[in-house]
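Each residue of the sequence shown is one higher than the one before, starting from 106 at the first, in the working numbering.
Glycine included, every Cβ here is placed at the ideal spot set by N, Cα and C.
Working notes, beginning with the structure itself.
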Amino acid sequence: TGSKRIISIPAKTMKMGGLRLYCNLYLMGVQNTPEPGCWKASKSDDSEVNLRYVDLSGSIIIQFSEECITVDRLGSSPSNKYLMHESMILNGFLDELNSIV
């Protein structure tokens, strides 16, 4: 399975821990969007949040560093349904980020 950078958001300064917690809570809240049980959120380490799709064809990996927030897709051949749902999740995620900066 391959990884592809989808979004890279540069930051001048950020409180990484607080932002990661806020984003993790947001992603936990969208696990059933747009269908019940289609996403599973997990935290792999202190700088990363993972959102795995139910058909296991792909995952969204959000990483936080002092310089930027990156969003990667893990999965070399994600399903069409995954891609459609991913766009919904990422649009909501970007709206949430925009509302707190």
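Just mark residue i as buried or exposed, buried being the case when its beta carbon has 16 or more other beta carbons within 10 Å.
i	result
S147	exposed
E191	buried
L156	buried
I194	buried
G55	Look at the range of the chain in this structure, 106 to 206, and you will see that residue 55 is not part of it.
Report back the beta-carbon spacing between residue i and residue j to the nearest angstrom; my notes put them in contact at under 8 Å.
i	j	result
G163	Y187	5 Å
D177	I166	5 Å
E172	P115	7 Å
N129	V154	5 Å
Under the DSSP definition of a beta bridge, which residues are partnered with residue i?
i	result
S164	R157 and L179
F169	I174
A146	L156
S108	L179
I114	I174
Taking one C-beta from the segment 106-124 and one from the segment 133-141 each time, how about it: are there three or more such pairs within less than 8 Å? Segments in contact, no.
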